[in-house]
Every structure is written in C-alpha cells, then in structure tokens.
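This note's numbering numbers the first residue of the sequence shown as 826 and each following residue consecutively. Beta carbons: idealized from backbone N, C-alpha and C, even for Gly. If you're wondering where the values come from, they're calculated on a predicted model, not measured in any experiment.
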Amino acid sequence: MLTFDAGARSTHQEGMRKPRFKRVPPKSALTMAPTMYEVLELIYQFKALRSHHIAMHLPHRHARGLSHSLRLLFDHGLIEKRLCGLYEHDTYYLLPRGYETLSGRDLPPRYLFLGGGLDINLSREWDHSMMTIDLLSNLKAGADAAGIRLISAEEIYANGEGDSPFIFPRKSVYTERKTKEIMPYTVVPDGVVGLEYQDSKRAFFALEAEHNKANSRFDDDDLRSKQNSTRKKIKAYRDVDWRQVYARLGIGNMRVLIVAPTPKQIENKFQVARSVVAQSHLFLGHWMPVVQDSDVPILPDILDAPWLRIGLPPEQINASSLRKRA
C-alpha cells in the first residue's frame, strides 16, 4: 500500500513511466532504421519542424510509430525539442549528433537554407523563425498535393552567382562609418522559395515574416507611426534593383510573400502599404499563426488560398492564376 513518506515515494517514482517531455537515458544502442533517417532528413530540410508538421509530410507513417521514432531519436540525443502550449505538439530540431548521423548520406535540398546571405537565429527569434518555417512547411505540403514542385532555397543558391546572392542590393547607398567606403543599402529576406508548375512555368518568392508585438508603438495599426516596418519593407523591396538580383540568381521573376500572425494584422499591413503605393502585384499577404501558449494549426491549403495584394483583387499562387499559353 502506498504511503506518503519519503522512502515509499522514491521507490514508487522509480517504477513510474517517465513524462514524454523528459529525456530518458537509453539502456541499449540505437539501431537506425530507414524510417528514422526519414525523420532526420525531413527535420534537416526545414531546420526545425513541429511534430504535427512531421506527420503531415509523412502520411504513410502511423501516428504511434512516428511518435516512437521521435521518442528514440530524442532519448539518444540526435534531436532536441522545444515544448509549445500543448506539449504533445513539440517542435524538433537536430543536435550535433543528429547531423553526424546524416553525414555521408545523399541529403535532400534544404528549404530553410542558411547560406548565401540568408540567416535565421532560432534561439534568439524563435517565433519569427517558426513563422518562416511553418510557411515553408505548409507550402511544401500544398505543392505536393497539387502536383507542383517546391524549389528549395539551396537549389536556387546553387544556380546563383557570388557568395551572397540572397542579399539584394538597392539603388541607394550610404557611407560606412569606419572604412568610409560607399556601400549599397540591402534587403535580406527571411527565406526564398520557388514553385515549378506542371507546365514548367516557374515563380519565385522572397519570404517576409512580420511578427509585431501587440500594442507596440511600432505597430502597423497606427498610421501616425513614422517608424513603421511595413512601410520601410515595401519601399526597400520596390527600391531593389530587380534586374541585378535576377542576374545573380539566374531567375526571371520574384515576388514577396508577407505573412503576419492574424488575418487582421495582415489586412492592416496591406492597408498601410497602400499609403506607399496605390497598386502593386509585387506583394502578396496572408496570415501565419505563432505559438502563444496554444497549438498552431497546419495550413497546407495556403497554396490555394486568396493572398492579399495592394490595391488589387486577391490572387492565388497556385497554377490557377497563370496565363494560359497560346
């Protein structure tokens, strides 16, 4: 019979099942099955993934089996996880041992590619980074369902020129304070992705995740604010020398996908954008939720959803809006 004295309580706890969110020291070496490599490579492609996004990309895996794979990889120190509001929907990312396990394998291209000027710091800007990752993950799921190929940033980089082709130069310049060198202002997107449709047409997009804190003086809701990230971003992208960028990346077109945490916020941002430019097809806006003590839904239908435009009717980014060839 259980008692509440310290000795009995300690013995009882030793026999209890450990919580899912604690790493349990393994009793035997890990045998890597193909299904485990499948999970590691998927996380590798996106830098980090929520467990329900992993399940979305691996529909052939049974939920219990996938959970068991994640559990083993976590306990053996190949992946780490961060809890969201509902801990059963954790976010996983690779640890050094996980990268070592993948070394020597023919790895798939990375959609969240942190090279060529692109940079995301998960530890410092978690919510902002996860908005970009969630957007890429949902676009990949939607593209797969529609028979459209998602072109990864790593593939785009491989066809680019120079060490930093994703740092987009603008026309305006400034004088560097220390060296006195004349330098161009630049635009650095949060991510870059492409879509290759069934008729071989391609479209490329710079990704911008706008994660404003509520009631901040920098909010785009306040039209009187002079320090406004949306206005600056719209002006900066319009000022980019697109011809030079296309030449460096070897592509013929690029638009900007802007996401905000709620539908209201993205509508406000595009209302603000109209104070900069009356009409533009260059910018497309949608909402992408972030973790705030609750779970984050998956939105693979974002590919077919109507994206806001500045002063123009909404547009889809799937093949439905493409001009038909004669």
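{"Item": "Buried versus exposed, by CB contacts within 10 Å (16 or more), Asp1066", "Value": "exposed"}
{"Item": "Simplified DSSP state of Tyr982, which is helix, strand or coil", "Value": "helix"}
{"Item": "Element boundaries [beta strand (DSSP E), containing Pro1088]", "Value": "That residue, Pro1088, is in no beta strand (DSSP E); its alpha helix (DSSP H) goes 1088-1098."}
{"Item": "Whole-angstrom distance between Ile1135 and Pro1114, CA atom to CA atom", "Value": "21 Å"}
{"Item": "Cutoff 7 Å; reference Ala1098; Cβ partners in own chain excluding five residues on either side", "Value": "Thr1055, Ile1059, Phe1108, Ile1135"}
{"Item": "Same chain, Cβ closer than 6 Å to Val1121, five either side skipped, listed in chain order", "Value": "Pro1114"}
{"Item": "Whole beta strand (DSSP E) elements within the segment 907-963, 3-residue minimum", "Value": "916-919"}
{"Item": "Contacting residues, own chain, Cβ-Cβ under 7 Å from Glu1001 (five flanking each side not counted)", "Value": "Met1008"}
{"Item": "Candidates Pro851, Ile868, Ser853, of which the one nearest Thr916 by Cα", "Value": "Ile868"}
{"Item": "Nearest-angstrom Cα separation, counted from Ser962 out to Gly1110", "Value": "17 Å"}
{"Item": "Burial state of His1106 (16 or more Cβ within 10 Å)", "Value": "exposed"}
{"Item": "Boundaries of the beta strand (DSSP E) in which Thr856 is found, first to last residue", "Value": "Looking at the DSSP string, Thr856 is not in any beta strand (DSSP E), and its letter there is neither H nor E."}
{"Item": "Whole-Å CB distance - Leu919 paired with Leu964, under 8 Å assumed", "Value": "Not quite, the Cβ-Cβ distance comes to about 21 Å (not below 8 Å), so this is no contact."}
{"Item": "Beta-bridge pairing of Val1012 - partner residues as DSSP gives them", "Value": "Phe993"}
{"Item": "Residues of its chain near Gly1075, where Cβ-Cβ distance is below 7 Å and the 5 sequence neighbours each way are ignored", "Value": "Asn984, Gly985"}
{"Item": "Straight-line gap, Ala854 to Ala880 (C-alpha atoms, nearest Å)", "Value": "25 Å"}
{"Item": "DSSP-derived helix/strand/coil call for Ile1152", "Value": "This structure leaves residue 1152 out entirely; the chain is present only between 826 and 1151."}
{"Item": "Pick from Lys847, Leu1137, Ala1028 that is closest to Val1017, judged by C-alpha positions", "Value": "Ala1028"}
{"Item": "Element boundaries [beta strand (DSSP E), containing Leu1032]", "Value": "1027-1034"}
{"Item": "7 Å Cβ cutoff, Val1012 in contact with chain C", "Value": "In summary, chain C is missing from the structure at hand, where a single protein chain is found."}
{"Item": "Lys906 versus Ser954 - alpha carbon distance", "Value": "15 Å"}
{"Item": "Nearest-angstrom Cα separation, counted from Leu927 out to Pro859", "Value": "12 Å"}
{"Item": "Range covered by the alpha helix (DSSP H) that runs through Leu1082", "Value": "Segment 1080-1085 is the beta strand (DSSP E) holding Leu1082; no alpha helix (DSSP H) there."}
{"Item": "Closest by C-alpha distance to Pro1139, when choosing among Ser1100, Val1102, Glu1092", "Value": "Glu1092"}
{"Item": "In DSSP terms, what Tyr999 is bridged to", "Value": "Met1008"}
{"Item": "Buried versus exposed call for Leu1124 [16 or more other C-beta atoms within 10 Å across all chains shown]", "Value": "buried"}
{"Item": "Of the residues Val1084, His1036, Ala1130, Val1012, the one placed nearest Arg1158, counting alpha carbons only", "Value": "Any question about residue 1158 goes unanswered here, given that the chain covers just 826 to 1151."}
{"Item": "Collapsed DSSP secondary structure at Ser1054 in the structure displayed", "Value": "helix"}
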